[in-house]
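Residues 3 to 351, numbered by the numbering used here, are exactly what the sequence shown covers, in order. Glycine is no exception: its CB is placed at the ideal position from the N, C-alpha and C atoms. Read the structure below first, then the notes.
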Amino acid sequence: IVNIDVLNPINSYDFDVRSRISNYKKQNATLFTLVRDEDLYGILTAIRNVEDRFNKNYHYDWIFANNQEFSNDFKIKVSNLVSGNSKFIKIPNEYWSYPEWIDQLKARKVRAKMKKLKIKYGHLESYRHMCRFNSGFFYRLPELLNYKYYWRVEPDVNFRCDINYDPFKYMNDNNKTYGFTMAPYELHTTVRNLWSTVLNFTSQYPEYVADNNNFEFLTDDNGETFNMCHFWSNFEIADMDFYREEAYSKFFEFIDKSGGFFYERWGDAPIHSMAVSIFLNKDKLHYFDNFGYYHPPNGQCPRSFEERLKRRCDCDGKRDYNWSQISCIPLYFELNGLEKPNGPTKQRL
Ligand code: GDP
Ligand code: MN
């Protein structure tokens, strides 16, 4: 027999299920997915998850973007599962092509070299356009300009626990800018020159560096080197005004000019992570716990049995990545003075 006490709310945000309230005022927010036609079944799985665990109660809009036209088949099957409005966008060419200062022959040679070295996605041209688009362009799409917050969703992700409150409202009420669920280590072979480029920017524009920032999360030796800690950007809930404002706009332009999207394989995850950790005070960042977020091959799962019951989780607490030895979440907690969750920490996966 399960003690039903564990089913009681723990704070005012939990179990704030809005379907019970007919005139819920939504935030200025949208779900957002970059996807290709061929990822149809992966994205349907993800949509089913987000709807079941969250959006069926809130009906936020969902914007789907693609560098090619979506097929009708894709649009019909996708919008059928989304409980808010679905919008489908073809990305303009200038957001998905080489800027004129890139030497495309040099870029091709880099891809060939990375292919030989078997660096993940190192051989792919499309992956680089994707990372650049996610770093500097998605929030400029006309359809996204209408919104403040976005929640990024990728094909094949799962939410393995109920989300019984509105995370957009949490962001707004608590004045948060960037929300994340996981923080792994980056592959150092993809970002060799990123750190020095970022430091060149901050020494040129010290006025953008926040006083009480999260810089220490990024380095173990006082800024000498990047420690590879970053927020996993396949999940993000964030305020796009941050990207649209001066600091990030200048920052993106600067790193884009350096060519690292094409001459290396810089990911949007370390780029977002460095920007929010340097230009924002650390109280603007938020770790979303207890979503049971899973992006193959790693997932977050509440360590406490009671939390898992209360939130109807279908993940295995023993398989939680966030408190394993290959995660930067423990460092984030330490630097922010957060209380560690119940359950064993720093376990091996
Ligand atoms: P990973 O998460 O780093 O393994 O990379 P993914 O393959 O999941 O790609 C990241 C996101 O970009 C996902 O939402 C993909 O659907 C999307 N994506 C990747 N490449 C392309 C592309 O060439 N075109 C479009 N439209 N979406 C892409
Ligand atoms: Mn992915």
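Whole-angstrom distance between residue j and residue i, CA atom to CA atom
i	j	result
Glu255	Ser306	44 Å
Leu220	Leu337	11 Å
Val4	Ile93	Residue placement at Val4 is poorly supported in this model, since its pLDDT is 44, which falls under 50; the coordinates still yield a value, given next. Those two C-alpha atoms are separated by around 51 Å.
Asp105	Pro169	42 Å
Gly124	Pro298	19 Å
Asn87	Arg55	18 Å
Asn224	Asp63	42 Å
Asp243	Asn148	11 Å
Ser235	Arg110	26 Å
Lys342	Glu247	34 Å
Tyr167	Phe66	24 Å
Tyr141	Ala249	15 Å
Asn74	Arg321	39 Å
Gln29	Leu107	46 Å
Glu102	Asp258	11 Å
Asn59	Thr199	44 Å
Asn25	Ser205	49 Å
Val278	Asp213	13 Å
Ser85	Leu33	11 Å
Lys171	Lys286	14 Å
Phe253	Phe203	7 Å
Gln70	Arg38	8 Å
Gly319	Phe290	16 Å
Asn229	Asn68	33 Å
Lys27	Val155	23 Å
Lys118	Glu266	14 Å
Ile273	Glu40	27 Å
Leu146	Asp316	33 Å
Ile121	Arg134	18 Å
Phe90	Asn216	36 Å
Tyr100	Tyr323	36 Å
Glu238	Met173	12 Å
Glu96	Phe139	9 Å
Tyr334	Phe72	39 Å
According to DSSP, residues forming a beta bridge with residue i
i	result
Glu238	Arg154
Tyr26	In DSSP, Tyr26 forms no bridge with anything.
Gly181	Ile239, His288
Pro186	Ser329
Ser356	Residue 356 is absent from the structure shown; the chain starts at 3 and stops at 351.
Leu33	Trp64, Trp153
Asn160	Tyr296
Gly301	Tyr296
Lys89	Ile65
Cys133	Bridge partners of Cys133: none, in fact.
Cys231	Tyr187
Burial state of residue i, where buried means 16 or more other Cβ atoms lie within 10 Å
i	result
Ser128	exposed
Gln302	buried
Leu9	Per-residue confidence for Leu9 stands at a pLDDT of 46, beneath the threshold of 50, marking its modelled position as unreliable; the derived number appears in the next sentence. Answer is exposed; the Cβ neighbour count stays below 16.
Ile78	exposed
Arg339	Reading the sequence as shown, one finds Gly at residue 339 and not Arg. Exposed, since its Cβ has fewer than 16 Cβ neighbours within 10 Å.
Thr227	exposed
His355	Since the displayed the chain opens at 3 and closes at 351, residue 355 lies outside it and no answer follows.
Ala114	exposed
Leu282	buried
Pro304	buried
Asn344	exposed
Ser137	buried
Tyr151	buried
Ser275	buried
Tyr180	buried
Asn292	buried
Asp241	buried
Asp175	exposed
Asn51	buried
Pro2	Past the boundaries of the shown model lies residue 2; the chain is included only from 3 to 351, so the question cannot be answered.
If contact is defined by three or more beta carbon pairs under 8 Å, each pair taking one atom from either stretch, is the region 310-327 in contact with the region 152-166? Yes, they touch.
Using only Cβ atoms and a threshold of 6 Å, which residues come within that distance of a heavy atom of the ligand MN? Order them by chain position. After applying the 6 Å Cβ criterion, the set is Glu156, Asn236, His297.
Given 8 Å, three or more beta-carbon pairs between the region 324-332 and the region 179-191: Yes, the region 324-332 is in contact with the region 179-191.
Taking contact to mean 3 or more Cβ pairs, one atom from each stretch, closer than 8 Å, check whether the region 261-270 and the region 192-200 are in contact. The answer is yes - the region 192-200 touches the region 261-270, with three or more Cβ pairs under 8 Å.
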